[in-house]
Amino acid sequence: MAEMTIKLIAVDLDGTFLRDDKSYDKERFAHQFERMQEQDIHFVVASGNPTLAIAEYFKEFKDKIGYVAENGAVVQDAKELLKEYLFDNKLYRETVNYLKETFSETGLLAVNNQGGFYEKSEPVEFIQDLTDYYPKVTGVESLAVLTHDISMLTGHFPVSIYEKISAQLNAEMSHKLQAKASGFGYIDINSVDATKKNGLNLLQNRWHILDEEVATFGDNDNDQEMLAFTPNSFSMATGSRLAKQSSNHIIGLNQDDSVLDTIDDILDHKF
């Protein structure tokens, strides 16, 4: 590969940066992060997770990294909120009602920057699964009458068909919303403007970083835009078809710390 100058490294979490058990080599990353700072490289987490969950994974660095959370619905530079794409109240209610009427067996979560909300009538298994992704979830009687600001809806569908359902939702929903498969049977629904690419672009403008100075890592459909806009894009070997098609490079497995391996190569100027 031709040598490149990288000033921003953006990583997805689940299936990409994190191992399957949600862990990563913290000691190794701490050394890498120190080297990133020495080389004036910004580190950004671009994930479907909310900022609270991201901060839990990066406690030692949480005030020194960028956040493109909830697929770009929430963008932060350390603690400073730069942008938040919220649902219009009417559109939110219509979308919740549509999902509940059309996919009655679907577990549904409404998310904002502080946590998530689910209906108390949801199956116990779904509620327990939420705690793997969201450190703060609250049960309510009805999502349709929720008065909190909401930036993302997440539904859980059978893994065998959830990509088809994502396409169906995009065909039927308002042009103001988009649905994307985010992995493990989950489909995230956001404003059409809430993408990981748009979130990274906000941070790039703030930090004066060009597209060709960005390296992105992802594995699923919700990573597509951020993988496609820079030549320095890396999809995991287990990535979705769309993620691989949108990337210029395919690397190994999340289980084998392939993202950390590639970050080492970037820091060692091996590209």
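According to my numbering, the sequence shown is numbered sequentially starting from 551.
Note that beta-carbon positions come from the ideal geometry of N, C-alpha and C, so glycine has one too.
Rounded C-alpha distance that separates residue i from residue j
i: residue 689; j: residue 772; result: 26 Å
i: residue 818; j: residue 586; result: 11 Å
i: residue 522; j: residue 668; result: For residue 522 there is no data in the structure shown, the boundaries of the chain being 551 and 821.
i: residue 760; j: residue 684; result: 32 Å
i: residue 670; j: residue 691; result: 6 Å
i: residue 624; j: residue 780; result: 21 Å
i: residue 686; j: residue 601; result: 11 Å
i: residue 804; j: residue 783; result: 15 Å
i: residue 570; j: residue 734; result: 11 Å
i: residue 720; j: residue 713; result: 11 Å
i: residue 649; j: residue 815; result: 44 Å
i: residue 765; j: residue 590; result: 14 Å
Where residue i sits in the DSSP three-state scheme
i: residue 696; result: coil
i: residue 763; result: helix
i: residue 653; result: coil
i: residue 808; result: helix
i: residue 730; result: strand
i: residue 676; result: helix
i: residue 551; result: Note that residue 551 scores 45 on pLDDT, short of 50, meaning its location in the model is unreliable and no value can be drawn from it.
i: residue 754; result: helix
i: residue 793; result: helix
i: residue 691; result: coil
i: residue 705; result: strand
i: residue 710; result: coil
i: residue 742; result: coil
i: residue 800; result: strand
i: residue 648; result: helix
Close Cβ partners of residue i (< 8 Å) along its chain, the five nearest in sequence each way excluded
i: residue 742; result: 725, 726, 727 and 728
i: residue 787; result: 800, 801, 802, 803 and 808
Cβ-based neighbour list, residue i, same chain, cut-off 7 Å, excluding 5 preceding and 5 following
i: residue 774; result: 792, 793 and 796
i: residue 813; result: 559 and 582
i: residue 606; result: 685
i: residue 504; result: Only positions 551 to 821 of the chain appear in this structure, which leaves residue 504 out of reach.
Element boundaries [beta strand (DSSP E), containing residue i]
i: residue 560; result: 558–561
i: residue 633; result: 630–634
i: residue 667; result: 665–669
Residues of its chain near residue i, where Cβ-Cβ distance is below 6 Å and the 5 sequence neighbours each way are ignored
i: residue 749; result: 618, 622 and 625
i: residue 736; result: 704 and 706
Limits of the alpha helix (DSSP H) - the one that residue i falls within
i: residue 786; result: Residue 786 -> no alpha helix (DSSP H), and no H or E assigned at all.
i: residue 776; result: 774–778
- Go through the segment 570–624 residue by residue and report every complete run of the alpha helix (DSSP H) that reaches 4 residues or more, in order. 576–588 and 601–607
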